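A.B. asks: One structure coming up, written as structure tokens, with questions to follow.
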Amino acid sequence: MTTAGDNQNLLAEQRRALILAEVRERGGVRVAELTRRLLVSDMTVRRDLDVLARRGVLEKVHGGAVPLAEASTHEPGFEAKSSLEQSAKEDIARAAAVLAKPGSAIALSGGTTTYALAQQLTEVPDLTVVTNSVRVADVFEAAQRRPPGGPQARAGAATVVLTGGVRTPSDSLVGPVADAAIRTLHFDVLFLGVHGISPEAGLSTPNLAEAETNRHFVGSARRVVVVADHTKWGTVGLSSFAALEQVCTLVTDGGLPHEARERIREQISELVVAGEPAEGGRGPVNGEAASDG
């Protein structure tokens, strides 16, 4: 155990992300193991476990921590999710917004990260936006109501298409109505929020109907951009709807552990970590150039 020798190379959020990844991958960790692995004091590890437990992403037990006992069908509501990783989602939104080109046709799925992204995209002129998120549609509607000449007013307001469908706890519209609308359309870029990402399960959600709607989104897009904070790594929902190889770009935050980044590079064309230089992966997916869309 060390105190003065605490590892200065890991920021607190990166260290906690690594701890969470270990817990999820191994089914539990002990404080003593983490102090040796991270070269930090046991007090530092216990503080990190306290923070992660308060966030509701793991459960503290005597001497260590275990994964949170959460069913793969559990779907938190929009308000509950919006309070988590707010800073990371805002960073991701700013980094992803540059991938939307003026005049293009884009799709935004439901979720709190795509909601943050929508707020950045209101400044991109002449977009056609297809979304199954009531919250996302509200963002663009509010932007169009800004008074002419106001400080945030702009030309070329977005054309927004809301798919219709059955509303989920996260305020997404899913089901046959949404699916029928999406599969007749073609998008330059899909910005996709996810419940979970893992090498084995790919992209997943606890909602079966949402999984089907997301499959149609992925099938209709020239380029698939996943926007997800580091806590989504290693999470698996009830239903998978896409393999990692179908993702062209993953935009995430600096809390993603090094080991996760290496695995992602093996399967996804481009990894963008908000606040860090863009990283290439194994090359374009399905002939899609990283600069497209």
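Quick note: the sequence shown uses UniProt numbering, first residue 1, plus one each step. For every residue, glycine included, the Cβ atom is placed at its ideal position computed from N, Cα and C. Note that the structure is predicted; figures quoted are calculated from it, not measured.
(1) If you reduce the DSSP assignment to three classes, tell me which class residue 219 lands in.
(2) Looking only at its own chain, which residues have a Cβ that is under 6 Å from the Cβ of residue 237, when we skip the five neighbours before and after it?
(3) Rounded to whole angstroms, how far is the Cβ of residue 244 from the Cβ of residue 217, which I believe are closer than 8 Å?
(4) So, with DSSP's three-state summary, where would you put residue 87?
(5) From the beta carbon of residue 209, is the nearest beta carbon of chain B less than 7 Å away?
(6) Checking 7 Å against the spacing of the C-beta atoms, do residue 138 and residue 274 come in under that value?
(7) By how many angstroms is the C-alpha of residue 48 removed from the C-alpha of residue 283?
(8) Which residue or residues does DSSP assign as beta-bridge partners of residue 191?
(9) Determine the burial state of residue 221: buried for a count of at least 16 other Cβ atoms within 10 Å of its Cβ, exposed for fewer.
(10) Which two residues bound the contiguous alpha helix (DSSP H) that contains residue 12?
(11) Can residue 189 and residue 225 be called in contact, C-beta distance under 7 Å?
(12) Quick check on residue 167: does DSSP put it in helix, strand or coil?
(13) With a Cβ-Cβ cutoff of 7 Å, do residue 136 and residue 102 count as a contact?
(14) With residue 300 as the anchor, note down where its beta strand (DSSP E) starts and where it stops.
(15) Who are the near neighbours of residue 34 in its chain, counting only those whose CB is closer than 7 Å to its CB and skipping five residues on each side?
(16) Return the first residue and the last residue of the alpha helix (DSSP H) that residue 197 is part of.
(17) My guess is that residue 234 and residue 25 are in contact by the Cβ rule of under 8 Å, so how many angstroms apart are they, rounded?
(18) Do residue 14 and residue 255 have their C-beta atoms within less than 7 Å of each other?
(19) Taking residue 113 and residue 93 to be in contact with their CB atoms under 8 Å, please state how far apart those CB atoms are, rounded to whole angstroms.
(20) Under 6 Å Cβ to Cβ from residue 160, same chain only, skipping five residues before and after it: list those, please.
(21) Hey, residue 117 and residue 96: beta-carbon distance below 7 Å or not?
(22) Starting from residue 250, follow its DSSP beta bridges and name the residues at the other end.
C.D. replies: So, from the data block:
(1) Position 219 of the sequence shown, counting from 1, holds the residue named residue 219. Helix at residue 219.
(2) Here residue 237 refers to the residue found at position 237 when the sequence shown is read from its first residue. So the qualifying residues of the chain are 72, 195, 196, 204, 205, 206.
(3) Locating residue 244 in the sequence shown gives position 244, where the first residue counts as 1. Locating residue 217 in the sequence shown gives position 217, where the first residue counts as 1. That pair is no contact at about 16 Å.
(4) Numbered from its first residue, the sequence shown carries residue 87 at position 87. It is helical.
(5) The structure shown contains no chain B; it holds only a single protein chain.
(6) As a position in the sequence shown, residue 138 is number 138, starting the count at 1. As a position in the sequence shown, residue 274 is number 274, starting the count at 1. No, they are not a contact pair.
(7) Here residue 283 corresponds to residue number 283 of the sequence shown, with the count starting at 1. Here residue 48 corresponds to residue number 48 of the sequence shown, with the count starting at 1. Summary for residue 283: the model assigns pLDDT 40, below 50, so the residue's position carries little reliability, and this model does not support an answer.
(8) Position 191 of the sequence shown, counted from the first residue, corresponds to residue 191. In the DSSP output, where bridge partners are listed per residue, residue 191 has 108, 225.
(9) Here residue 221 corresponds to residue number 221 of the sequence shown, with the count starting at 1. Buried, since its Cβ has 16 or more Cβ neighbours within 10 Å.
(10) Position 12 of the sequence shown, counting from 1, holds the residue named residue 12. It spans 12–26 - the alpha helix (DSSP H) in which residue 12 sits, taken as one unbroken run.
(11) Counting from 1 along the sequence shown, the entry for residue 189 is found at position 189. Counting from 1 along the sequence shown, the entry for residue 225 is found at position 225. Going by C-beta atoms, residue 189 is nearer than 7 Å to residue 225.
(12) Along the sequence shown, one-based indexing puts residue 167 at 167. Strand.
(13) Indexing the sequence shown from 1 puts residue 136 at position 136. Indexing the sequence shown from 1 puts residue 102 at position 102. Contact flag unset, no.
(14) Since the displayed the chain opens at 1 and closes at 293, residue 300 lies outside it and no answer follows.
(15) Translated into the one-based positions of the sequence shown, residue 34 becomes position 34. Hits under 7 Å: 19, 45.
(16) Taking the sequence shown and counting its residues from 1, one reaches residue 197 at position 197. Note, residue 197: premise wrong, no alpha helix (DSSP H); beta strand (DSSP E) at 196–198.
(17) The residue labelled residue 234 in the question sits at position 234 within the sequence shown. The residue labelled residue 25 in the question sits at position 25 within the sequence shown. Confirmed, Cβ separation roughly 6 Å.
(18) Within the sequence shown, the letter at position 14 stands for residue 14. Within the sequence shown, the letter at position 255 stands for residue 255. It is a contact, given that the beta carbons lie within the stated cut-off.
(19) Reading the sequence shown from its first residue, position 113 is the one you call residue 113. Reading the sequence shown from its first residue, position 93 is the one you call residue 93. With 8 Å as the limit, residue 113 and residue 93 qualify as a contact, their Cβ atoms being about 7 Å apart.
(20) As a working mapping, residue 160 is identified with position 160 in the sequence shown. Closer than 6 Å at the Cβ level, and outside the excluded window around residue 160, lie 129, 137, 140.
(21) Looking up residue 117 in the sequence shown gives position 117. Looking up residue 96 in the sequence shown gives position 96. Result yes, Cβ atoms of residue 117 and residue 96 sit closer than 7 Å.
(22) The residue labelled residue 250 in the question sits at position 250 within the sequence shown. Bridge partners of residue 250: 226, 271.
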